[in-house]
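Trainee: Take 927 as the starting number for the sequence shown in our numbering and just add one per residue. The C-beta atom is built at its ideal place from N, Cα and C for all residues, glycine as well.
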Amino acid sequence: MSSSKQTHNHATIKAWAEKHGGVPAIVADTAKGNNEGVLRIHFPKHSENKSDLKEIDWDTFFENFDSNKLDLLYQEEKSDGEESTFHKFINRE
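1. Let's see if you can read the secondary structure: which residues bound the alpha helix (DSSP H) around I939?
2. Judging by CA-CA distance, which residue of T986, G1007, D992, W984 is the nearest neighbour of R1018?
3. Taking 8 Å as the cut-off, decide whether the C-beta atoms of A943 and I982 are in contact.
4. Do D1006 and T933 count as a contact pair if the criterion is CB distance below 8 Å?
5. Within 10 angstroms of its Cβ, does I952 collect 16 or more other Cβ (buried), or is it exposed?
6. Tell me whether F987 is buried or exposed, calling it buried when 16 or more other Cβ atoms sit within 10 Å of its Cβ.
7. D985 lies in the beta strand (DSSP E); which residues open and close that run?
8. F969: which of K980, E962, G963 sits nearest, CA to CA?
9. Which of the three DSSP states is assigned to K971 in this structure?
Structural data, given as structure tokens:
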């Protein structure tokens, strides 16, 4: 059985994303005013070319992540033992 983990630790998030080939991104055309845009972690090798995503640097990603008081809910592997890129951003409690 797979289990999910929750964190807002920058080093943990970056290490998990990079381990799975992920890069920080925002959904293009969602930035408004001081809002950098809707955050994503994009996994290019696991998806088609996503022209709606714009890669950003980790500093920008974490500024947005922290200002919105988010946590990352993620899985290391699927229930069958395969690598998982499942994740979602949730409000920090």
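Mentor: Per the coordinate set shown:
1. If you look at I939, you'll find it in the alpha helix (DSSP H) that goes 936 to 945.
2. Scanning T986, G1007, D992, W984 for the CA closest to the CA of R1018 turns up D992.
3. Not closer than 8 Å, so no.
4. Cβ atoms of T933 and D1006: not closer than 8 Å.
5. Counting Cβ neighbours within 10 Å, I952 comes out buried, since at least 16 surround it.
6. So F987 ends up on the buried side.
7. For D985, there is no enclosing beta strand (DSSP E); the enclosing alpha helix (DSSP H) covers residues 984 to 993.
8. Its Cα nearest to that of F969, the residue K980 stands out among K980, E962, G963.
9. Of the three classes helix, strand and coil, the one that applies to K971 here is helix, per DSSP.
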